[in-house]
Amino acid sequence: MPQTYDVVVIGAGPGGYIAAVRAAQLGFKVACVEKWRNPKGERALGGTCLNVGCIPSKALLGSSEEFDKVRHRLGEHGIAVEGVKLDLAKMLARKEAIVSKMTKGVEFLFRKNKITWLKGHGRFVGAEDGAFRIEVLDDADEGAAASAPQLVDAVNVIIATGSKARHLPGVPVDNQLVCDNEGALAIPEVPRRLGVIGAGVIGLELGSVWRRLGAEVTILEALPTFLGATDGGVQKEAWKLLTKQGLKIHLGVKLGAVHAGKRGVKVEWTDDKGAAQVLDCDRLVVSVGRVPNTDGLGLESIGLSVDERGFIPVDDHCRTAVANVWAVGDVVRGPMLAHKAEDEGVMVAELIAGQKPHIDYQCIPWVIYTSPEIAWVGRTEEQLKAEGRAYKAGQFPFSINGRALGVGAPEGFVKVLADAATDEVLGVHVVSAAASDLVAEAALAMEFKASAEDIGRVCHPHPSMSEVLREAALAATDKRALNM
Ligand code: FAD
Ligand code: NAI
Numbered sequence: 335m336p337q338t339y340d341v342v343v344i345g346a347g348p349g350g351y352i353a354a355v356r357a358a359q360l361g362f363k364v365a366c367v368e369k370w371r372n373p374k375g376e377r378a379l380g381g382t383c384l385n386v387g388c389i390p391s392k393a394l395l396g397s398s399e400e401f402d403k404v405r406h407r408l409g410e411h412g413i414a415v416e417g418v419k420l421d422l423a424k425m426l427a428r429k430e431a432i433v434s435k436m437t438k439g440v441e442f443l444f445r446k447n448k449i450t451w452l453k454g455h456g457r458f459v460g461a462e463d464g465a466f467r468i469e470v471l472d473d474a475d476e477g478a479a480a481s482a483p484q485l486v487d488a489v490n491v492i493i494a495t496g497s498k499a500r501h502l503p504g505v506p507v508d509n510q511l512v513c514d515n516e517g518a519l520a521i522p523e524v525p526r527r528l529g530v531i532g533a534g535v536i537g538l539e540l541g542s543v544w545r546r547l548g549a550e551v552t553i554l555e556a557l558p559t560f561l562g563a564t565d566g567g568v569q570k571e572a573w574k575l576l577t578k579q580g581l582k583i584h585l586g587v588k589l590g591a592v593h594a595g596k597r598g599v600k601v602e603w604t605d606d607k608g609a610a611q612v613l614d615c616d617r618l619v620v621s622v623g624r625v626p627n628t629d630g631l632g633l634e635s636i637g638l639s640v641d642e643r644g645f646i647p648v649d650d651h652c653r654t655a656v657a658n659v660w661a662v663g664d665v666v667r668g669p670m671l672a673h674k675a676e677d678e679g680v681m682v683a684e685l686i687a688g689q690k691p692h693i694d695y696q697c698i699p700w701v702i703y704t705s706p707e708i709a710w711v712g713r714t715e716e717q718l719k720a721e722g723r724a725y726k727a728g729q730f731p732f733s734i735n736g737r738a739l740g741v742g743a744p745e746g747f748v749k750v751l752a753d754a755a756t757d758e759v760l761g762v763h764v765v766s767a768a769a770s771d772l773v774a775e776a777a778l779a780m781e782f783k784a785s786a787e788d789i790g791r792v793c794h795p796h797p798s799m800s801e802v803l804r805e806a807a808l809a810a811t812d813k814r815a816l817n818m
């Protein structure tokens, strides 16, 4: 007879493994199905985020930023450095070591919380007597015989199968010459010329990595606007700072044929004035969005279907159309962010336990880890105008903040948007080296429905970058920033 679990999670990315941990903390008998193998054929937990997403990209962003700093930014401190050399193999090995430490950490969490890791591809094969039957098909370890599919039963199933890179028709990705995120995080030598299709989050982050390491980076973006989802003021500042760093970004591009040959890749494209152009590059990164993973999940066997874009439809509490089947993370609507996936995983585990958790999707922060970082939470000025909501804006620059000057990070600003009548904070937009941390304070304030004045009245440490958030809040409240 198949083992019965209270909760089976399919997928061990940040949505799935966190759901499994929280469900185990709440006393459930939990199993998690995960099929991931790294390029060496080793199994790993952690999903896209830990293996080929957030963690390795931030490792390379960190390393490349240090390299850039030593070459270009230490002089102003009176520090002269000569003979700086790049050891890319060591940099990539450091990234792999961080990934391994983090994925092994999830294995530890599974052991600690007595979560069974079912190794292989999971799919629904039906439902009977109030339980869902799931088949786990294991691809055998090298040299070993394939085992028969394993069957388990689950009272609740959490689908957390995540997403994969969207590829373009006629542009085959081999992760050597033409790469998606997986290849772009492992290029073995710095390309002289790197082409990137898509000026979204991955294009800008990984484009920045290879630019800092010395590549000539050209990014081709289909949309006529740069970072269209961000606040207009942020768009302008980010464009100014990133193009100054040498990223060549073309907007309003129409992509033509892509030819990958022995000597590199030739990309035909049409510019925003309709002129035909050719980009010759040594390697090409395709970063044009991601698509949900729902192939081979056997959803039809339990009467569940996906929407026209392949996402599993869910309500605000991640309930699917089938009772006791839940879906979280990149496989459902909403931003494809690890922390959003995690919070949904926690919410679903607590709902299964009869608790009443809730996520305010307006309070989910975004961070693009360029240098400076770009972060925001809540609405942009453009969204507030479109909604016809009266608002006040307060902005304060880092260029007159003592801490920012001291650490050599004077670029950027904080903008606080607050309701014109109630002063409730509606959106916070940050361009700064410290943006990822500052936006967390803003998210906390918004979760507590703080007014801009509330932030302005909180004592902030001096000197610190957080004073800029306080000053921007004071500026929004009543134009009463103290240091401007
Ligand atoms: P995933 O992390 O994709 O995990 C899904 C897991 O399910 C995978 O391990 C997969 O093998 C497994 N799976 C799928 N189908 C099956 C099946 N049938 N049976 C068994 N297992 C299955 N987000 C951020 O918030 N911050 C960042 O800095 C950030 N950086 C990123 C950088 C890059 C280069 C990329 C590509 C993404 C980045 N993201 C970032 C996005 C983030 O990685 C995702 O939003 C997050 O991983 C989604 O989590 P998830 O649990 O929904 O899915
Ligand atoms: P994206 O959606 O951020 O950007 C894709 C870009 O490609 C868009 O600007 C789009 O207009 C453009 N594009 C689409 N088709 C095109 C074409 N044919 N020619 C030229 N341009 C084209 O997607 P991306 O960068 O692939 O990242 C996927 C997701 O992963 C992100 O949306 C985000 O959710 C997540 N992510 C998050 C990170 C973070 O939080 N720091 C870092 C990296 C990824």
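Per my numbering, the very first residue in the sequence shown carries number 335; after that it's consecutive. Glycine included, each C-beta is placed from N, C-alpha and C at the ideal position.
Checklist entry - Secondary structure at D487, three-state DSSP: helix, strand or coil? => result strand
Checklist entry - When the Cα of D649 is compared with those of S639, A474, A661 and L638, which residue comes out closest? => result A661
Item to check | Extent of the continuous alpha helix (DSSP H) run through F444 | outcome: L422 to K446
Checklist entry - In chain order, what residues of the same chain lie with their CB nearer than 7 Å to the CB of S391, ignoring the 5 residues before and after it? => result L519, E539 and L540
Item to check | Stretch-stretch touch, CB-based, cutoff 8 Å, three pairs: the stretch 392-408 with the stretch 542-550 | outcome: yes
Next on the checklist: By alpha-carbon positions, which one of V601, A480 and M335 ends up nearest to V530?
Outcome noted: V601
Checklist entry - For the ligand FAD, is there a heavy atom less than 8 Å away from the beta-carbon of R428? => result no
Checklist entry - What are the boundary residues of the alpha helix (DSSP H) that A346 is part of? => result Premise fails: A346 is in no alpha helix (DSSP H) and is neither H nor E.
Checklist entry - Where the beta carbon is closer than 6 Å to any heavy atom of the ligand NAI, which residues qualify, in chain order? => result L502, I531, G532, A533, G534, V535, I536, G537, E539, L554, E555, A556, L557, V587, L589, S621, V622, G623, R624, P669, M670, L671, V701, I702 and Y703
Checklist entry - Hey, how far is the Cα of C513 from the Cα of P506? => result 9 Å
Checklist entry - Which residue from I389, A657, L581 and K403 puts its Cα closest to that of R428? => result I389
Checklist entry - Between R597 and K435, what straight-line distance do the alpha-carbon atoms span, to the nearest angstrom? => result 36 Å
Item to check | Reduced DSSP category for R405 - H, G, I as helix; E, B as strand; rest coil | outcome: helix
Checklist entry - Quick one: is the Cβ of L519 within less than 8 Å of any heavy atom of the ligand FAD? => result yes
Item to check | E399 Cβ short of 8 Å to the ligand FAD heavy atom set | outcome: no
Checklist entry - Can you give the beta carbon distance from G537 to T382, rounded, assuming they're within the 8 Å contact cut? => result The pair is not a contact, with the Cβ atoms about 17 Å apart (cut-off 8 Å).
Checklist entry - Do you know offhand how far E716's Cα is from I553's? => result 25 Å
Item to check | Candidates G595, S542, L557 and G590, of which the one nearest K582 by Cα | outcome: S542
Item to check | Alpha carbon of L360 to alpha carbon of D605, nearest angstrom | outcome: 56 Å
Checklist entry - What residues match up with D614 in a beta bridge as DSSP calls it? => result K600
Checklist entry - For K674, is the classification buried or exposed, using 16 other Cβ atoms within 10 angstroms of its Cβ as the cut-off for buried? => result buried
Item to check | Entirely enclosed alpha helix (DSSP H) segments - the stretch 746-810, minimum 4 residues | outcome: 769-781 and 786-791
Checklist entry - Taking the continuous beta strand (DSSP E) assigned at C366, which residues delimit it? => result V364 to E368
Checklist entry - Contact between the stretch 603-620 and the stretch 630-639: three or more CB pairs below 8 Å? => result no
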